[in-house]
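Numbered by mature numbering (1 follows the signal peptide of the UniProt record, and there is no 0), the letters in the sequence shown go through residues -20 to -1, 1 to 656 in order. Note that beta-carbon positions come from the ideal geometry of N, C-alpha and C, so glycine has one too.
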Amino acid sequence: MKKQLLPLVLLLFTFCQEKAAPPNPVSPIPDERQIAWQELEFYGFIHFNMNTFSDREWGFGDEKPEQFNPTALDARQWARIASEAGMKGLIITAKHHDGFCLWPSAYTEHSVKNSPWRDGKGDLIREFADACREYGLKVGIYYSPWDRNHPDYGKPEYITYMRNQLTELLTNYGDIFEVWFDGANGGTGWYGGANEERKVDKLTYYDWPTTHQLVRDLQPGAMLFSDAGPDVRWVGNEHGFAYESTWSNLMRDSVYAGMPEYSDKWATGQENGTHWVPAESDVSIRPGWYYHAYEDHKVKTLPQLMEIFYKSIGRNSSLLINFPVDTRGLIHENDEKAILQFAAKVREDFETNLAQDAEISASLERGKGYEAELAIDGDYNTYWTVPDGQIESLLDLDFGKEISFNRLLLQEFTPLGQRVKSFSLEVEKDGSWEKIASGTTIGYKRILRFPDVNAQKIRIRFEDGKDIPIISELGVYSAPKLLLAPEIKREKSGLVTLVSPDEGLEIRYSLDGSEPSQTYQEPFPVEKAATLQVLSADPNSGQKSEISRKDLEVAKAKWESSGERAIDENQATYFTSSDNELIVNLGEKLTIEGFTYLPMQARYPSGHITEYAFWVSLDGKNWKKISSGEFSNVVNSPIEQFIRFDPTEAKFIKLQALKTADGNSATVGELGVLTR
């Protein structure tokens, strides 16, 4: 009888135990708005405005409303793509620096109401907001404080105008989750015809406290974004990268929107920051923020987008990816394909949390309600923590059998502040523990990537912090390899480097056009023309990528020219010709059958050659023209151009620009020859 009663007594005793006292918060801590916002993690930017039609990044302000005329605008397409990509909201450029308004503002004629779109009766902000809500997305508004169109910019009267417009935007379109204020302020502009430069005191001109209070009154749940917050801050770059150590704490009273030294001194946040102002990483899916047809071939690749994901969301930041909507009023097909591939890969990487099937234990526990098991229960609002003062502590996981993994995800319970300053991941091997990865800050989410590891037991060691660790969630994942063909790079010398799209992959290649079979170990020289074929292979699964082919021509090691940047095998550089000619000494006599011209690939292109003549010479003095014509559509599609002709001998070649697209001096990104 006693043996039967003992387990019952112990069970009743367990239920009667009171929950341990909760840990104290570590200031600063987020408010309710910020707690709700950080759960979004991933949302989108829509850059679509007058710049789309003037083909600029920053309009001057002298554009005419008639220029705004999308032919097939469909805000529902934007919302559908964002939703399918896993985004939780969209932010639209309601007014950019040029001052054109996407809604029929009562305070200016420089808006859609005077454009041919929808016969002047359209309201794009209304269409945008309705489409977002149809697809379950939150609605955000970008509003440029700078206005290069308005005659009163720089005067007190403009601030009244700005607040009147903000009132329109924040009262007529339902709940707004984020109001985005750009840091670009003041400079040259049209300003109602003044055509002058106007500078403002960025710290005082806008009277930000009053403007912020207006937003608070009209949209109590909206997050306010700028360099300085007050609710969410710029990450300090446009690459989409947060930092190895990213604090949500900020010395907020020391910064202001548009301050020159912000990126260098403040963007990472500060351990001793006085206010909770988390980081938002913004990046465009193309080089430019607005649509330019010449960037259709420059949409970010899947490896690039995954790098952005792990360096933003994986480093205690939200991620804001921009779509430059095109002149039709649609997200371009290339952009849609890229973002959906990205979304699918993220889902694949985090499909199964291996930690949830593990047995977890801790070196210390605070007591009832804060057990180690709560770190793997899938509920962010429950957490494991330890007694006060015990900053150094451990979490151990035993999977019961050896598993393979390559990702560690950690989340702090940030409503009680950001705490961890350093941690490490260890695996048990032959009875001892070996460190395989480490990190500094955690915050809302931290993800470590490392090569595949096989182990049955792992340990997360919390080494240093502002206070005791409070861990809401812990994840261990085996992300499948990014099975894409390796990137091919070649130097002027002919040295070829193959870059793997992911760690732990084997690269194979061939130089005769056959199935790639040779294992790549290190860069190798290719001096003569060859057909290079490459693939990536996962040695664990046996899966292979598609084969990528590149026809390599003779190496340019012997080539000489005053336009060295046009023959350096570096697409990021270019040569500008003062006389619209480029002469190259090939260093030897070659039989050539054509040439290649790569237009400059800079963000703001100039001097694209549209009509050309191509000459050859054996002595550099007597020239023979063997080809002339045009590079069709090179402005909208500045990809490598291939021109072929009958075989001819040459030791010197000359590309002559007969006409450039903009009348400026000819530019050449790269010049090459075809020998077969």
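Self-check item: Cβ-Cβ distance between Q621 and V615 below 8 Å
Solution: The criterion of a C-beta distance shorter than 8 Å is not satisfied by Q621 and V615.
Exercise. Give the C-beta separation of V215 and A259 to the nearest angstrom, bearing in mind that I take them to be a contact with Cβ-Cβ under 8 Å.
Key: Confirmed, Cβ separation roughly 5 Å.
Practice problem: May I ask you to verify whether the region 622 to 637 touches the region 587 to 598, counting CB pairs closer than 8 Å and requiring at least 3? | Solution: Put simply, the region 622 to 637 touches the region 587 to 598. At least three CB pairs are less than 8 Å apart.
Quiz item: Do three or more CB pairs link the region 200 to 212 to the region 143 to 160 at distances below 8 Å?
Solution: Touching, yes, given that three or more Cβ pairs across the two stretches are closer than 8 Å.
Quiz prompt | Endpoints, the alpha helix (DSSP H) within which S292 is located | solution = For S292, the enclosing alpha helix (DSSP H) stretches over residues L282 to S292.
Self-check item: S373, DSSP secondary structure in three states
Solution: Under the three-state reduction of DSSP, S373 is assigned to strand.
Exercise. Measure the C-alpha to C-alpha separation of M142 and F48 and round it to an integer number of angstroms.
Key: Those two C-alpha atoms are separated by around 22 Å.
Quiz item: Can you give the Cα-Cα distance for R295 and E345, rounded to whole angstroms?
Solution: Rounded to the nearest angstrom, the two C-alpha atoms are 27 Å apart.
Quiz item: Just checking my contact of F611 with T640 at CB under 8 Å: how many whole Å lie between their CB atoms?
Solution: Not really, about 10 Å apart at Cβ, beyond 8 Å.
Self-check item: Residues near L(-13) in its chain [Cβ-Cβ closer than 7 Å; skip 5 each side]
Solution: Here L(-13) scores only 49 on pLDDT, less than 50, and its place in the model is too uncertain to base an answer on.
Quiz prompt | Three-state secondary structure (DSSP) of V326 | solution = Three-state DSSP puts V326 in a helix.
Exercise. Identify, in the order they occur along the chain, each residue of the same chain with its Cβ nearer than 7 Å to the Cβ of R656, setting aside the five sequence neighbours on each side.
Key: Once the five neighbours on either side are set aside, the close Cβ partners of R656 are A509 and E573.
Quiz item: Mind checking H312: buried by the 16 CB within 10 Å criterion, or exposed?
Solution: Its Cβ being crowded by 16 or more others within 10 Å, H312 is buried.
Quiz item: Expressed to the nearest angstrom, what Euclidean distance is found between the alpha-carbon atoms of V479 and E650?
Solution: Their backbone Cα atoms lie some 21 Å apart in a straight line.
Self-check item: Delimiting residues of the alpha helix (DSSP H) encompassing R545
Solution: R545 -> no alpha helix (DSSP H), and no H or E assigned at all.
Exercise. Kindly indicate which three-state DSSP category F442 falls into: helix, strand or coil?
Key: The answer is strand: DSSP assigns F442 an E or B state.
Quiz item: If you follow the beta strand (DSSP E) that K469 is part of, which residue opens it and which one closes it?
Solution: Following the DSSP letters along the chain, one finds K469 inside the beta strand (DSSP E) bounded by residues E467 to R470.
Self-check item: Separation of T571 from P50, as counted between CA atoms
Solution: Answer to the nearest angstrom: the Cα atoms are 50 Å apart.
Quiz prompt | E339 - containing beta strand (DSSP E), residue span | solution = Judged by DSSP secondary structure, E339 falls within the beta strand (DSSP E) whose first and last residues are E339 to A342.
Self-check item: C-beta contact flag for M203 and L462 at 8 Å
Solution: Annotated as distal: M203 and L462, with beta-carbon spacing of 8 Å or more.
Quiz item: The alpha helix (DSSP H) spanning Q18 covers which residue range?
Solution: The continuous alpha helix (DSSP H) containing Q18 extends over residues E12 to Q18.
Quiz item: Would you say the region 444 to 464 touches the region 324 to 337, given that touching needs at least three Cβ pairs under 8 Å?
Solution: Touching, yes.
Exercise. Can you have a look at L183 and say buried or exposed, based on whether 16 or more other CB atoms are within 10 angstroms of its CB?
Key: That one is exposed.
Practice problem: Determine the closest residue to H90 out of W97, P96, C81 and R98, with distance taken between C-alpha atoms. | Solution: Nearest to H90 by C-alpha distance, out of W97, P96, C81 and R98, is C81.
Quiz item: Hey, would you say the C-beta of D187 is under 7 Å away from at least one heavy atom of the ligand GTP?
Solution: As presented, the structure is devoid of all ligands, the ligand GTP included, so that no description of it is given.
Quiz item: Short check: CB of G120 to CB of A62, under 8 Å?
Solution: With contacts defined as CB atoms closer than 8 Å, G120 and A62 fail to qualify as a contacting pair.
Quiz item: Name the DSSP beta bridge partners of V407, please?
Solution: E414 and I438.
Practice problem: Measure the alpha-carbon distance for A552 versus N361 and round it to whole angstroms. | Solution: For A552 and N361, the distance between alpha carbons rounds to 47 Å.
Quiz prompt | Three-state secondary structure assigned by DSSP to A318 | solution = Looking at A318 - three-state DSSP - the assignment turns out to be helix.
Quiz item: Buried or exposed: where does G358 fall if 16 or more other Cβ atoms within 10 Å of its Cβ makes it buried?
Solution: Answer is exposed; the Cβ neighbour count stays below 16.
Quiz item: Of the choices A582, F40, S586 and T628, whose alpha-carbon is the least far from that of E604?
Solution: Looking at the sequence itself, residue 604 is Lys, so the reference to Glu does not match. Nearest to K604 by alpha-carbon distance, out of A582, F40, S586 and T628, is T628.
Quiz item: Sorted by chain position, which residues of the same chain lie with C-beta nearer than 7 Å to D35's C-beta, five sequence neighbours on each side aside?
Solution: Excluding its 5 nearest sequence neighbours in each direction, D35 has C-beta neighbours in its own chain below 7 Å: H272, listed in chain order.
Practice problem: Would you mind reading off the limits of the beta strand (DSSP E) that contains L300? | Solution: Counting along the chain, the beta strand (DSSP E) containing L300 begins and ends at S297 to P304.
Quiz item: Beta-carbon separation of A318 and V263 under 8 Å?
Solution: No. Outside cutoff.
Self-check item: Rounded separation between F(-6) and G397 - CA only
Solution: Because the pLDDT at F(-6) is just 49, under 50, the model does not fix this residue reliably, and the point stays unresolved.
Quiz prompt | beta strand (DSSP E) segments (min. 3 residues) lying fully within the region 578 to 608 | solution = For the region 578 to 608, whole beta strand (DSSP E) runs of length 3 or above, ordered along the chain, are 589 to 597.
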